[in-house]
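Under our numbering, the residues of the sequence shown are numbered 11 to 390, in order. All C-beta atoms, glycine included, are put in the ideal place defined by N, C-alpha and C. Worksheet: the structure to be examined is printed underneath.
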Amino acid sequence: MSTDTPGIDPLETLRAPRDPACDVFLTGPVFLDIIFTGLDSAPVRGTESWARGMGSSPGGVANMATALARLGLRTSLAAAFGDDHYGEYCWDALEQGEGIDLSMSHTVPGWHSPVTVSMAYEGERTMVSHGHEAPAPAGTGTATGATGTGAPTGAAAPVFPRCPPRARAAIASLTPGRSEPWVAAAARDGALVFGDVGWDETGRWDLDALPDLAHCQAFLPNAEEAMRYTRTDCPRAAAHALAERVPLAVVTLGAEGAYAVDGRTGTAAAVPAIEVEALDPTGAGDVFVAGFVTGTLADWPLADRLAFAGLTAALSVQEFGGSLSAPGWAEIAAWWQLIRTCDRQDPAALERYAFLDDLLPTTARAWPLRRAVPTIGFRR
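What follows is the structure, encoded as structure tokens:
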């Protein structure tokens, strides 16, 4: 992460003495991600493929935790860490490097860190993961088997806290047929719960099988997931159908942007995607959610939240790694300064991001910025 990132607090004007110390709480498994980029095609059986780029960084739920922290939100993460070198690296990168509160996390003796190898090619990615379920620490009960935000399904389930910290918001990964008690506890304690969801391996696509959806302030599936859950053939129709179940439905549309419906007011907003050359799409969905959570907690208009979320996701895919690619305010400010000086910019498109003027410093470092080296670290 850039060491001279502007210290922007998007919630500065909203903070009060009795507010929670934590802005966002989340839980889930932390993976060590090893990312290969610059592959011309998918690996071919029986051959050796060489990638033009490679990086390593904390992954899984660390993608979203890092994205939140870099946007100035006070982030608390509950996760299990292995006591191997991978786990030590991930803990240090998150706590010391990103300032994430790990007081609810724990290290598991004798347990090795789960690992994901991600191969990016042709604008897509293929992942291979390995990990074992983390044992429960003494006195907390057993792990539920549900995976956390941004993590591959079916491996390295975390131990969810019985009593999450008081927070402005919580992010929950909804799993068909499972209810996590901490989600209801967080909602009862005043947290806005943002729910995302993965592919339904059961094939039933039943909203009633997501019991924690009832506690969610917002639900953020992608277009395919939204249409399957609502039995519709249009992402926008799916968003309107979902808005009958949750206060706020947000459907990501990939290269077409995002569409959201506020079920309380009927307000709808659509924002197109920013066209960029993608190096590595790992974690882009997590960065989108982090951007949307930031705008929601800052009480921005719905369209501004969508635009900001899309911008942060677009900036992330131009860099290596799920967590290390998450942009901070320095990257956002540099992009905004650059885009306004480019020739032939659509005035209407620039106006879409005019709200950034009130957030960003008047001067910014030149684009492109030098980013953190995505590796497990060099000896100094």
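Over the uninterrupted alpha helix (DSSP H) stretch that includes S326, give me the two end residues. As a working note, residue 326 is residue 316 in the sequence shown. Counting along the chain, the alpha helix (DSSP H) containing S326 begins and ends at 312 to 326.
Around the Cβ of M74, are there at least 16 other Cβ atoms within 10 angstroms (buried) or fewer (exposed)? The residue you call residue 74 lines up with position 64 of the sequence shown. Buried, by the Cβ-count rule.
L258 vs A224 beta-carbon contact at 7 Å: Working through the sequence shown from its first residue, we reach residue 258 at position 248. Working through the sequence shown from its first residue, we reach residue 224 at position 214. No, the pair does not count as a contact, with Cβ atoms beyond the cut-off.
Quick one: which unbroken beta strand (DSSP E) runs of 3-plus residues sit fully inside the region 43 to 121? Chain order, please. Runs of the beta strand (DSSP E) spanning 3 or more residues and lying entirely within the region 43 to 121 occur at 63 to 70, 85 to 88, 90 to 92, 116 to 118, in chain order.
Beta-carbon proximity check, A279 vs A77, cutoff 7 Å: The sequence position of residue 279 within the sequence shown is 269, counting from 1. The sequence position of residue 77 within the sequence shown is 67, counting from 1. Their beta carbons are not under 7 Å apart, which means A279 does not touch A77 by this criterion.
Skipping 5 residues on each side, what residues in its chain have a beta carbon closer than 6 Å to that of T117? Within the sequence shown, numbered from 1, the residue matching residue 117 stands at position 107. Around T117: F91, D93.
Could you tell me the boundaries of the beta strand (DSSP E) in which Y131 lies? In the sequence shown, counting from the first residue as 1, residue 131 sits at position 121. First-last of the beta strand (DSSP E) with Y131: 125 to 131.
Just the Cα atoms here: how many angstroms apart are P371 and C244? Within the sequence shown, residue 371 is the residue found at index 361, counting from 1. Within the sequence shown, residue 244 is the residue found at index 234, counting from 1. Rounded to the nearest angstrom, the two C-alpha atoms are 40 Å apart.
For S67, tell me which candidate among V271, C173, S123, E254 has the shortest Cα-Cα distance. To locate residue 67, count along the sequence shown from 1; it is residue 57. The option with the nearest alpha carbon to S67 is S123.
At what residues does the alpha helix (DSSP H) containing V303 begin and finish? For this step, residue 303 is matched to residue 293 along the sequence shown. Element bounds for V303: 294 to 307.
Let me check understanding here. Comparing Cα to Cα, which of L202, Y131, T185 lies closest to G38? The sequence position of residue 38 within the sequence shown is 28, counting from 1. Ranking L202, Y131, T185 by Cα distance to G38 puts T185 first.
For a test of the three-state rule: what should DSSP assign to V34, helix, strand or coil? Translated into positions along the sequence shown, residue 34 becomes position 24. DSSP, read as helix, strand or coil, puts V34 in strand.
Reduced DSSP category for G205 - H, G, I as helix; E, B as strand; rest coil: On the sequence shown, residue 205 is found 195 positions in, with the first residue counted as 1. Three-state result, G205: strand.
The beta strand (DSSP E) that contains A268, what's its start and end? Numbered from 1 along the sequence shown, position 258 holds the residue referred to as residue 268. Element bounds for A268: 268 to 272.
Thinking C-beta only, is L87 closer than 7 Å to L36? Translated into the one-based positions of the sequence shown, residue 36 becomes position 26. Translated into the one-based positions of the sequence shown, residue 87 becomes position 77. A contact, by the Cβ cut-off of 7 Å.
Give the range of the alpha helix (DSSP H) segment to which T2 is assigned. The shown model of the chain, from 11 to 390, leaves out residue 2, and the question about it has no answer.
Give the list of continuous beta strand (DSSP E) stretches no shorter than 3 residues that lie fully inside the region 172 to 224. 177 to 184, 202 to 207
Could you spell out where the beta strand (DSSP E) holding Q227 opens and where it closes? Here residue 227 is taken as the residue at index 217 of the sequence shown, counted from 1. Taken as a continuous stretch (DSSP letters only), the beta strand (DSSP E) holding Q227 covers 226 to 229.
For H140, the three-state DSSP class (helix, strand or coil): For this step, residue 140 is matched to residue 130 along the sequence shown. H140 falls in the strand class under three-state DSSP.
Nearest-angstrom Cα distance between A265 and A323? In the sequence shown, the residue the question calls residue 265 occupies position 255. In the sequence shown, the residue the question calls residue 323 occupies position 313. Rounded to the nearest angstrom, the two C-alpha atoms are 11 Å apart.
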